[in-house]
Amino acid sequence: MEMLLMGACLSMFGLAVTCLAFGAATRTAAAPEPKLEPVKAAAPSRFFVQQVPLEILLMQIENHVRLEQAAVESFLQTPTPDLLHSRTMSTFIN
Amino acid sequence: MLKADLWNGLSDEEAGLVHALGKRALLTGGAELLHLGDPAEHIYVIARGRLRLTLPMQVRDHKQDVLVEERVPGQTVGWSALIPPYRFTLTATAPLETEVLAFSRDALREHFAARPLTGYTVSNNLASVIGERLQLFQTMWVREIQRMVEARCA
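The listed protein sequences derive, respectively, from chains G and B. The first sequence lines up with residues 18 to 111 when you count with the working numbering. The second sequence lines up with residues 3 to 156 when you count with the working numbering.
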């Protein structure tokens, strides 16, 4: 009889521990999720980025080609490693 | 007589004979002289005005002819007419009223067959024109690759 009571007590103790553990686990899962920032707010908005007008872009390309040719012709007149990679004032790449 | 890179080194008499093979053509501003991919039957020497050599590029969903080189009086355009597969590899447009001398491949070949020394000199001049173009674009290409390397390593 004593053994039976001791077993019952231990069972009750085990059940209590299990309930506490379950409660703790359930509280963790039910905790409010961290507030996520909306993606739109995090990403820079491209909608308002002003594009260079097509005509201006084409003029920049044309100007770039002319400057590159001038730089290359300068290199071909006096071929040196420095002149080969000399910089230009091109707004297309700078 | 027009001073042109194509008959550089020829005597006045020989240069005059080559010059006489050319047929004058007048282009109004904006007119196209030759088009990328078209059969190339004539080589041209610019007598007056200017020619823009362009290649098509895709710019913001638009096909645009982008300038790759400009040619001025005395310079030669359209040497694809003398080199297989005889197709133009770019487009030439006159931005303003321009006059050119058009030389047909057949007329030049016939003339050079009869005068090999003239043919040799003109061929050398043509090789110089092509060589200059090669050096120009080879160097431009290397400069562009250098910029790509710098952008990737930045």
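For every residue, glycine included, the Cβ atom is placed at its ideal position computed from N, Cα and C.
Cross-chain neighbours of residue i in chain B, by beta carbon under 8 Å
i, result
"G/Glu79", "Val68, Leu69"
Partners in chain G for residue i, counting only beta-carbon separations shorter than 9 Å
i, result
"B/His64", "Leu71"
"B/Met150", "Going along chain G, no residue has its Cβ under 9 Å from B/Met150, so there is no contact; the nearest lies around 11 Å."
"B/Val61", "Leu71, Leu74, Leu75, Ile78"
Per DSSP, cross-strand counterpart(s) of residue i
i, result
"B/Tyr122", "B/Tyr122 pairs with nothing; no bridge assigned."
"B/His44", "B/Ser106"
"B/Ala94", "B/Leu36, B/Leu55"
"B/Leu28", "B/Glu101"
"B/Val61", "B/His64"
"G/Arg83", "None; G/Arg83 has no bridge partner."
"B/Val79", "B/Tyr46"
"B/Glu72", "B/Arg54"
"B/Arg89", "B/Pro41"
Proximal chain G residues relative to residue i, where beta-carbon distance stays under 8 Å
i, result
"B/Leu138", "Gln86, Val89, Glu90, Leu93"
"B/Arg145", "Glu85, Ala88, Val89, Leu101, His102"
"B/Thr141", "Val89, Phe92, Leu93, Leu101"
Beta-carbon spacing of residue i, residue j below 8 Å
i, j, result
"B/Leu92", "B/Leu57", "yes"
"B/Val131", "B/Ala49", "no"
"B/Leu23", "B/Ala109", "yes"
"G/Glu85", "B/Met142", "yes"
"G/Ile110", "B/Arg149", "yes"
"B/Leu84", "B/Glu71", "no"
"B/Gly39", "B/Thr100", "no"
"B/Leu8", "B/Leu128", "yes"
"B/Glu34", "B/Thr95", "yes"
"G/Val89", "B/Leu69", "no"
Buried versus exposed call for residue i [16 or more other C-beta atoms within 10 Å across all chains shown]
i, result
"B/Leu28", "exposed"
"G/Ser103", "exposed"
"B/Val74", "exposed"
"G/Ala87", "exposed"
"B/Arg145", "buried"
"B/Tyr122", "exposed"
"B/Val20", "buried"
"G/Thr97", "exposed"
"G/Leu71", "exposed"
"B/Val61", "exposed"
"G/Val82", "buried"
"B/Ala156", "exposed"
"B/Leu136", "exposed"
"B/Thr78", "buried"
"B/Val124", "buried"
Cβ separation of residue i and residue j, assumed to be a contact under 8 Å, to the nearest whole Å
i, j, result
"B/Gly31", "B/Pro97", "6 Å"
"B/Pro2", "B/Arg89", "Since the first residue of chain B shown is 3 and the last is 156, residue 2 of chain B is not available in this structure."
"B/Gly80", "B/Leu36", "6 Å"
"B/His44", "B/Ser106", "5 Å"
"G/Ser91", "G/Leu100", "6 Å"
"B/Tyr46", "B/Ala104", "6 Å"
"B/Gln66", "G/Leu75", "6 Å"
Any non-hydrogen atom of the ligand ATP within 7 Å of residue i CB
i, result
"B/Glu16", "With respect to small molecules bound, the structure shown includes none, and the ligand ATP cannot be examined in it."
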